[in-house]
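Participant: According to the working numbering, the sequence shown is numbered sequentially starting from 1.
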Amino acid sequence: MKIAVFPGSFDPITKGHEDIVKRALPLFDKIIVALGVNSTKRYYFSQTERLDFLHATFEHEPKVEVDVFQKLTVDYCKEKEANFILRGLRNSNDFNYETTIAMLNRDIGDGLETLFLLTSPEYSYYSSTVVREILKGGGDGSIFVPEEMQDLLKEAMKHKG
Ligand code: ADP
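#1: Apart from the five residues just before and just after Phe-59, which ones in its own chain have a Cβ nearer than 7 Å to its Cβ?
#2: What do you reckon, is the C-beta of Ser-165 under 8 Å from a heavy atom of the ligand ADP?
#3: Any heavy atom of the ligand ADP closer than 8 Å to the CB of Tyr-44?
#4: Any heavy atom of the ligand ADP closer than 8 Å to the CB of Leu-135?
#5: Relative to the ligand ADP, is the shortest distance from any of its heavy atoms to the C-beta of Phe-76 smaller than 8 Å?
#6: Counting C-beta neighbours from all protein chains within 10 Å, is the total for Ile-108 16 or more, i.e. buried, or is it exposed?
#7: Could you name the residues of the same chain whose beta carbon sits closer than 8 Å to that of Arg-132, not counting the 5 residues immediately before and after it, in chain order?
#8: Under a Cβ-count criterion, where at least 16 other Cβ atoms within 10 Å of its own Cβ denotes burial, should Asp-52 be classed as buried or exposed?
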């Protein structure tokens, strides 16, 4: 079985993330979209909200599983018998950051490989950070997130005050 873990904060998931998963689907038997929990990090959307967004987005993709993990990514991959980490690359900042992490993960993860897909140009400027900034400013950020979760996002925003 070829299994990949796509780890991230997904605060919130964007069309950029969704696009990476969909384009990687033909390469794998299963992709686990895994919400990494970092207890020192503050998130805008709660874990439950972020998970609900992920479940709604991939509801109709039988090869996609949604999960949460707390441990090191390499240990989580081992537990899930995943042979690959999947990540997306938008620009040289992503490249510099991601290559370091990928090499460290290969060292401590028994040769665990990271597979990178380049962003689709139409989503190359999408990030969870800009979506959050638009939402916080009262703008319509829903156009940047997967269609399947736009209603959930609007609902969640009603409770953000
Ligand atoms: P993290 O908190 O680990 O950076 P993110 O949720 O921001 O997690 O992103 C997870 C992965 O998705 C990263 O590899 C990131 O580069 C990639 N990614 C984010 N936005 C896009 C996009 N618009 N196009 C392609 N890849 C993206």
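Note that beta-carbon positions come from the ideal geometry of N, C-alpha and C, so glycine has one too. Bear in mind that the values here come from a model prediction, so they are computed numbers and not experimental data.
Facilitator: With the given structure in hand:
#1: Reading off the sequence shown, one finds Glu at residue 59, where the question assumed Phe. Counting only Cβ-Cβ distances below 7 Å, and skipping sequence neighbours, we find Glu-148.
#2: Lying outside 1 to 161, the shown extent of the chain, residue 165 is not represented and no answer is given.
#3: no
#4: no
#5: The question names Phe, yet the displayed sequence has Tyr at residue 76. Incorrect: Tyr-76 has no Cβ contact closer than 8 Å to the ligand ADP.
#6: exposed
#7: Asp-11, Pro-12, Tyr-44 and Gly-141
#8: buried
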